[in-house]
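For the sequence shown, position 184 (counting from the first letter as 1) is numbered 184 according to full-length UniProt numbering, and the numbering increases by one without interruption. In this text, a Cβ means the ideal position worked out from N, Cα and C, and glycines have one as well. See structure below.
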Amino acid sequence: MALCSASRGAKRMFVRPKRAYSSRAPPYEAIAVPKSIDRLAAALADQARVDAEVGDPIYSYRRPLGTVPRCYDQLYAPDVPSVVRKPKVTYFDSEREVDALLPGALARCGTVAKSVGFDLEWNMGQFPGRTAVMQLGMANNIYIIHLSAMGCVPQSIREMLADPHILKVGVAVRNDGHKLRRDFKLVSNGLVELSAMAKALDPSRWKHRRLLVSLRDLCQSYLDRTLRKDAVRVSRWTNTPLSHLQQEYAASDAYVGLELFHQLVLRTYERATRRVLEQPPADLAATPYEAAMAVVRHATSSVSDAPPKPKKARPSRLDSSFGPEKKAYQRALAAWRTKQLTLVELASRACIRIGTSARYVMRALDEELAAQRAAGRPCRLSDEERERLRAEFTSAEVRRNARFHYVFLRDHHVFTHAELAAMK
């Protein structure tokens, strides 16, 4: 018994103590978090903030606002009024199914000007993937076409995109057309940009938006609904089949574009109708229907497979009157020398910063001196150039830029080391 207890004690003597917390362990902030989780958390936080700030109800295709049948009845006045009903969502992962159903659905799409809501989805990241999903919204149908699950793009999709009489409506829709051209070499005609329609309808409201108006802002302004842009948008769209949340998100994105299009057309039509009542018909250039379709034509564009036209060369702010040299910094030196412009005057005329004009002149001088050195000729500034540089960098406007050209100004005896140190 004593031996047993002694052996137990010996074992306890050699028990390795628990390792204390090491101060070398990385702090919590240093632990790497996968980018997908980071994007997911950021999207959730962004959506929580938006939901807290915006009190409008959330938009969903399950609760359509009825702008499609209302606009259709107003413009075409059918014998049987249209009925507001929830569109049916159909998910496709086979090109045969798409080719079998899409042509018939487009023939009876039940929308103004044969328009369809149009949107694309792909995997987000540092290197965006190919187009994975295409959504098409019609009056009573929403087609979610999983392109990444198919062997090729269905022929009916190619024909639909190339048909200029089928309007594909959405925000940044031209960018979507360019992506389809890059990914699958597809031609896209009849692309209607909702931002352009909104700016034509309410130019004063959107005059501060230089480029596009987001789908969320358009939805809030014209439909009084909040468009949910949550973490689903950064999910994996190449997974087969799509999850229920992904299909709900894709369906709402496509149908809200269609409802916005009809709402914008309807408002344009109603505004033109009021103008008819206020003015004699002889003074009007177009009927209300023609006015509405003119806005649609204004917002319509195409993306072909032809090579892009070469961009025109942007004229430099340092124009050729400053000198015949090709480079902007060479023209700056020519103006500084021949026209005796100061660095401040050069910056003012060229609409650039003083630091930029100083950098241009110093770069051109350094290049000239290096060429002289390579040719075996003495490389030094003239007395006049040295005095001018000294006067330039002593002035209050240019003085703070001297530290960026410390080596040049010191080596070419424009300033001494002590003088440059005093300028800092």
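Inter-residue spacing [alpha-carbon to alpha-carbon] between residue i and residue j
i           : j      : result
Ser243      : Arg233 : 12 Å
Ala107      : Phe261 : 19 Å
Thr416      : Val361 : 20 Å
Ser115      : Glu278 : 31 Å
Arg158      : Leu194 : 22 Å
Arg94       : Ile142 : The amino acid occupying residue 94 in the given sequence is Ser; Arg does not appear at that position. About 16 Å.
Phe184      : Pro203 : 36 Å
Pro378      : Arg210 : 54 Å
His413      : Arg386 : 8 Å
Asp366      : Phe408 : 8 Å
residue 442 : Arg275 : Not covered by the structure: residue 442. The range shown for the chain is 1 to 424.
Asp253      : Thr273 : 31 Å
Tyr255      : Met160 : 18 Å
Glu392      : Arg228 : 57 Å
Asn239      : Leu147 : 11 Å
Ala371      : Ser382 : 16 Å
Asn401      : Ala374 : 28 Å
Ala422      : Arg337 : 28 Å
Ala172      : Phe92  : 24 Å
residue 431 : Pro154 : Coverage of the chain is limited to positions 1 through 424, which leaves residue 431 absent and any answer about it impossible.
Gln263      : Arg403 : 60 Å
Arg63       : Val80  : 22 Å
Ser302      : Pro288 : 26 Å
Trp122      : Trp237 : 6 Å
Glu97       : Gly104 : 12 Å
His298      : Leu201 : 11 Å
Leu389      : Gly376 : 25 Å
Gly117      : Gly137 : 4 Å
Ser320      : Ala396 : At Ser320 the pLDDT is 49, less than 50, meaning the model places this residue with poor confidence and gives no usable figure here.
Ser221      : Cys152 : 39 Å
His208      : Gly125 : 30 Å
Asn175      : Arg181 : 10 Å
Ser348      : Asp56  : 49 Å
Glu384      : Lys327 : 24 Å
8 Å Cβ cutoff met for residue i and residue j
i      : j      : result
Tyr329 : Ala364 : yes
Ala162 : Val192 : no
Leu215 : Gly257 : yes
Thr300 : Tyr59  : no
Thr111 : Ala77  : no
Leu65  : Leu223 : yes
Leu343 : Ala335 : no
Met150 : Val295 : no
Ser357 : Leu369 : no
Leu120 : Lys168 : no
Glu259 : Thr67  : yes
Ile352 : Val398 : no
Ala292 : Val265 : yes
Tyr61  : Ala231 : no
Beta-carbon proximity list for residue i, same chain, < 8 Å, skipping 5 on both sides
i      : result
His165 : Lys114, Gly190
Ala332 : Leu318, Phe322, Leu346, Ala350, Ser357, Tyr360, Val361, Ala364
Arg410 : Thr416, His417, Leu420
Val213 : Val171, Leu194, Ser195, Ala198, Lys199, Trp206
Pro241 : Tyr91, Asp93, His146, Ala149
Chain D contact for residue i (CB, 8 Å cutoff)
i      : result
Ile145 : Here chain D cannot be found, since the structure has a single protein chain.
Cβ neighbours of residue i in the same chain (closer than 7 Å, five flanking residues each side left out)
i      : result
Lys199 : Trp206
Ser304 : Val187
Ser235 : Gln246
Cys109 : Val116, Met138, Ala139
Own chain partners of residue i with C-beta closer than 6 Å, once the 5 adjacent residues on each side are dropped
i      : result
Leu102 : Ser156
Ala2   : For Ala2, the predicted structure reports a pLDDT of 49, less than 50, and the residue's modelled location is therefore unreliable. A value from the coordinates is still provided. Excluding residues within five positions, none has a Cβ falling inside 6 Å.
Ser82  : Pro69, Tyr72, Asp73
Review point. Using 8 Å as the Cβ pair cut-off and three pairs as the minimum, do the region 67-87 and the region 122-129 touch?
Key: Result no; under three Cβ-Cβ pairs closer than 8 Å.
Check your understanding: Just checking, does the region 254-273 make contact with the region 69-77 on the three C-beta pairs under 8 Å criterion?
Key -> Contact between the region 254-273 and the region 69-77 is present, because at least three Cβ pairs lie under 8 Å.
Review point. Hey, is the region 131-147 in contact with the region 236-254, meaning 3+ C-beta pairs nearer than 8 Å?
Key: Yes, the region 131-147 is in contact with the region 236-254.
Review point. Whole beta strand (DSSP E) runs in the region 208-238 with 3 or more residues, listed along the chain?
Key: Within the region 208-238, no complete beta strand (DSSP E) run reaches 3 residues.
Exercise for review: Let me know the alpha helix (DSSP H) ranges lying completely inside the region 52-130, each 4 residues or longer, listed in chain order.
Suggested key: Considered as a whole, the region 52-130 harbours 67-76, 95-107 as its complete alpha helix (DSSP H) runs of no fewer than 4 residues, in chain order.
Practice item. Return the chain-ordered ranges of every beta strand (DSSP E) run that is complete within the region 143-216 and spans a minimum of 3 residues. Key: As far as the region 143-216 is concerned, its whole beta strand (DSSP E) runs of at least 3 residues are 167-170, 188-193.
Practice item. List in chain order: all unbroken alpha helix (DSSP H) runs of 4+ residues lying wholly within the region 390-416. Key: Within the region 390-416, the runs of alpha helix (DSSP H) that reach at least 4 residues and sit entirely inside it are, in chain order, 406-411.
**Study point:** Length at least 4, wholly inside the region 327-376: the alpha helix (DSSP H) runs in chain order
**Key:** Fully enclosed alpha helix (DSSP H) runs of 4 or longer: 328-338, 343-350, 354-374.
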